[in-house]
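The structure appears below as structure tokens.
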Amino acid sequence: MDPQLLADPYPIFRWLREEDPIHRSDLGFWVMTRYDDCRHVLIDKTFGQGDFVKNIQLFYDDSFDVLANPAYAWLSRVFVMQDPPTHTRLRGLVAGALSLKRIRAMEPRVRELARTMLAKLAEQPGINFIESFAYRFPTLVMCDMLGLQENEFSDELLTQLNQAIADTFPVFETRALDTGELALANRQMEFLTAFFDDLFERRRAHPRDDLTTALVSAREGDASLSAEELSTSVIGLFGAGFETTAHMIGNGMYLLGTHPDERAKLAVNPGLAPDATEEIVRYESSLQATYRTALADTVVAGQGIAAGDRILTIVAAANRDRAVFAQPEAFVIDPRAEKPLTFGGGIHYCVGAELARLEGRVFLEELFSAFPDFEVDAHGARLRQAFLFRGFEHLAVSL
Ligand code: HEM
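Residues 3 to 401 in the numbering used here are what the sequence shown spells out, letter by letter.
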């Protein structure tokens, strides 16, 4: 949480990658920064999630009652924190709604949302782009996906839901939260649970042709799926669907505002929008890292790792590994064959990666086609104080 480190973590990532790629941190876990090592840990089945309570107690102490906190109790059930077979069963619930075919079918609606929202933004020069577009656009896409109707939410409610996720997701961070942060995360988790339980109740009483109804019916037809698992998975999907994508869009806007030559390339060649999206998530990943537990004694790049050890895989550092990427420390919009590790790998590979890519591409295409002269106030930009979820809290934009 060192503000200087948060402002620019890349020099220390580089130092670690070159000098101490399998670093044993004083914080009690291993830190990996090279592409091959991070990928190894993410895809090798010797690594998984392991003992949730023990993993969280590592940041507090052994007497910390992890599951007495609603926000951690929720995290303990989210499927990204599970090993097979629970992971397989719960991921299967939502994977169909995010298949490539379903995502392709969503494009016209995603485009219409981007177009309407950019037109609205153009009427408010200098407004905070993060709140008014970067969060709102993917949130509305998630509402659409879940089947939330416009008469079921207001602007204020969406803002509250966005804030509730932002206040709860720090439980993913690899550190102890302070008392205030933890109390807030717990309160906000209760708010999210009440909101979604109420939605499930409405769909149970009045089924519709939407994902929420399908999930509620899946629960009724499947005794192995508990009400808590259903609610946990939907809150997780909803939050994961905008918390990282919002900052992909915000970071992208900032990068275009600060790299006029790259911006000019995109302006003359909108066909580069998919490559630009890929470069934004490589260069300034909105999710900087993820983690695993060694399930057995093992070795990574010659270093012995004991069963039960925690490993932080810093994908944002792996994305700048010169062993894999040419010009790793420069933001360059060109087609690249190499894929960043931003969306992870192995069985937990981001189930929403194609949706995120679609949103990134469509946003850029609509921005450059309607508002090529957009202005970004890079000097007034303010980064949020978070390590794992990297992005801005304030970024003024005029279209
Ligand atoms: C730029 C945007 C995004 C980034 C950077 C991102 C990144 C990631 C990463 C790194 C993982 C793997 C975590 C791990 O292995 O521990 C992951 C998993 C996941 N992501 Fe994303 N994600 C993004 C967008 C989305 C979207 C749009 C959705 C939903 C619509 C989503 C839903 C999920 C879910 C449910 C998982 C858990 C998958 C599993 O455990 O099997 N993500 N994401």
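Glycine is no exception: its CB is placed at the ideal position from the N, C-alpha and C atoms.
Just curious, the beta strand (DSSP E) that residue i is in, first and last residue?
i	result
residue 24	24-26
residue 33	32-34
Leaving out the 5 sequence neighbours to the left and right, which residues in its chain are closer than 7 angstroms to residue i when beta-carbon positions are compared?
i	result
residue 93	81, 353
residue 43	34, 49, 294, 302, 313, 315
residue 166	190, 193, 194
residue 119	135, 138, 139
residue 111	146
residue 235	81, 92, 95, 96
residue 239	96
residue 283	250, 342, 344
residue 115	139, 142, 143
residue 267	274, 335
Sort out for me which residues DSSP pairs residue i with in a bridge.
i	result
residue 296	49
residue 71	Residue 71 pairs with nothing; no bridge assigned.
residue 391	289
residue 129	399
With DSSP run on the structure shown, which of helix, strand or coil describes residue i?
i	result
residue 385	strand
residue 380	coil
residue 273	helix
residue 101	coil
residue 306	strand
residue 399	strand
residue 301	strand
residue 116	helix
residue 64	coil
residue 178	coil
residue 108	helix
residue 29	coil
residue 263	helix
residue 4	coil
residue 124	helix
residue 225	coil
Where does the unbroken alpha helix (DSSP H) through residue i begin, and where does it stop?
i	result
residue 239	229-260
residue 156	Run containing residue 156: none; DSSP gives neither H nor E here.
residue 219	213-222
residue 14	12-21
residue 84	It is not in any alpha helix (DSSP H) - residue 84 carries neither H nor E in the DSSP assignment.
residue 172	Careful: residue 172 lies outside any alpha helix (DSSP H) and carries neither H nor E.
residue 190	181-207
residue 210	Element bounds for residue 210: n/a, residue is neither H nor E.
residue 142	138-148
residue 373	Taken as a continuous stretch (DSSP letters only), residue 373 belongs to no alpha helix (DSSP H), as it is neither H nor E.
residue 54	54-59
Only counting the same chain, and skipping five residues up and downstream in sequence, which positions put a Cβ closer than 6 angstroms to that of residue i?
i	result
residue 285	333
residue 299	308, 309
residue 367	272, 275
residue 148	213, 214
residue 25	18, 33
Of all the CB atoms in chain B, is at least one closer than 8 angstroms to the CB of residue i?
i	result
residue 59	The structure shown contains no chain B; it holds only a single protein chain.
Near residue i, what residues of its chain come up, given a Cβ to Cβ distance below 8 angstroms and the 5 sequence neighbours on each side ignored?
i	result
residue 84	51, 92
residue 251	135, 136, 139, 140, 361, 362, 365
residue 230	79
residue 331	12, 16, 322
residue 196	none
residue 3	177, 387, 389
residue 168	245
residue 325	36, 37, 38
query = Which runs of the beta strand (DSSP E) spanning at least 3 residues fall entirely within the region 309-363, listed in chain order?
reply = 312-315
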